[in-house]
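Quick notes on the structure that follows.
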Amino acid sequence: MPVTVIKVGGSLFDLPDLGNRLSHVLGQLDGSRPLIISGGGRTADLIRDWDRIHSLGEERAHWLAIQSLTLNERLLNQLLPESEWVDSHAATEAAWRANRIPILSAYAYLARPAAPSLEQAELPAAWEVTSDSIAAWITLTWPAQELVLLKSVDLPEVETAAELAALGFVDAYFPQLVDSLPCLRWCNLRSSEETLQLATVTRGKSFQSRNATGPA
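Numbered per the UniProt record's numbering, the sequence shown spans residues 1 to 216.
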């Protein structure tokens, strides 16, 4: 059965009905098995502040930021009663078999030793790599059949992922991964529930664009 990685943008954690909106999106997957990845938002911003104050250096700050995602993952676990926080392929498969929705520990997945046969290069430990790129990398290495980015805005009128990054809608490293994704979809989770739709951004290298305003 195909796997869909769903990345919940960090800007969405102030939505009072976030759990209900996520459930609405999950209902649109048409039989694909979901794997939820959390964005950073304010928790990652706190690590950025610490880095500025304490000069942690990019690598140490990068890994602290990834560890901070655990707090958001645990919140999602509370908001989705049918979900389960997981830290491995085996735990994820067990969750699917039990008809649970796995929320993956990004830190556990990224910190594990790379498989010798892994073709996808490791992610740089730098601030240009945030949860968008982490979700894309997990999609490629799991491997999953598609990535869905849940954002606070509609897809803007651009023609490349590089333009998305320049506008701040995805992180700076994301364009280096997007062409390898089998399928990328986008959803403005702040839309009214009646208009919540998964728009295809890329399938292969074809690109679709729409208008957007506000933080991604």
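All C-beta atoms in this analysis are idealised placements derived from N, C-alpha and C, irrespective of residue type, glycine included.
Because the structure is a prediction, the values reported are computed rather than measured.
Quiz item: Looking at the structure shown, is N72 part of a helix, part of a strand, or coil, going by DSSP?
Solution: Counted from its first residue, the sequence shown places residue 72 at position 72. N72 falls in the helix class under three-state DSSP.
Exercise. Kindly list the residues whose CB is nearer than 7 Å to the CB of A111, restricted to its own chain and excluding five residues on each side of it in sequence; keep chain order.
Key: Mapped onto the sequence shown, residue 111 falls at position 111. Taken in chain order, the list of residues that qualify is empty.
Self-check item: C-beta atoms of W50 and A125 nearer than 9 Å
Solution: Locating residue 50 in the sequence shown gives position 50, where the first residue counts as 1. Locating residue 125 in the sequence shown gives position 125, where the first residue counts as 1. No, these two residues do not count as a Cβ contact at 9 Å.
Exercise. Verify whether the separation of the beta carbon atoms of N77 and V8 is less than 9 Å.
Key: The residue given as residue 77 occupies position 77 in the sequence shown. The residue given as residue 8 occupies position 8 in the sequence shown. No. Outside cutoff.
Quiz item: From which residue to which residue does the beta strand (DSSP E) around S131 run?
Solution: Within the sequence shown, residue 131 is the residue found at index 131, counting from 1. Looking at the DSSP string, S131 is not in any beta strand (DSSP E); the run it does join, the alpha helix (DSSP H), is S131 to T141.
Exercise. Mark D132 as exposed unless 16 or more other C-beta atoms lie within 10 angstroms of its C-beta, in which case mark it buried.
Key: Residue mapping note: residue 132 aligns to position 132 of the sequence shown, counting from 1. Buried, by the Cβ-count rule.
Quiz item: Any idea what DSSP makes of W63, helix, strand or coil?
Solution: The count along the sequence shown starts at 1 and reaches residue 63 at position 63. W63 falls in the helix class under three-state DSSP.
Quiz item: Cβ-heavy atom distance between A95 and the ligand ATP below 8 Å?
Solution: Judged by which ligands are present, the structure shown has none, so any question about the ligand ATP falls away.
Quiz item: To the nearest angstrom, how far is it from the Cα of M1 to the Cα of L18?
Solution: Counted from its first residue, the sequence shown places residue 1 at position 1. Counted from its first residue, the sequence shown places residue 18 at position 18. Going from the Cα of M1 to the Cα of L18 covers about 27 Å.
Quiz item: Just checking, does the region 81–97 make contact with the region 152–163 on the three C-beta pairs under 8 Å criterion?
Solution: no
Quiz item: L196 and A136 look like a contact to me (Cβ under 8 Å); what is the Cβ gap, rounded to whole Å?
Solution: Sequence index remark: in the sequence shown, residue 196 carries index 196 (1-based). Sequence index remark: in the sequence shown, residue 136 carries index 136 (1-based). That belief does not hold up - the Cβ atoms of L196 and A136 are roughly 22 Å apart, past 8 Å.
Quiz item: Which residue spans inside the region 11–66 form an unbroken alpha helix (DSSP H) run of at least 4?
Solution: 18–26 and 42–54
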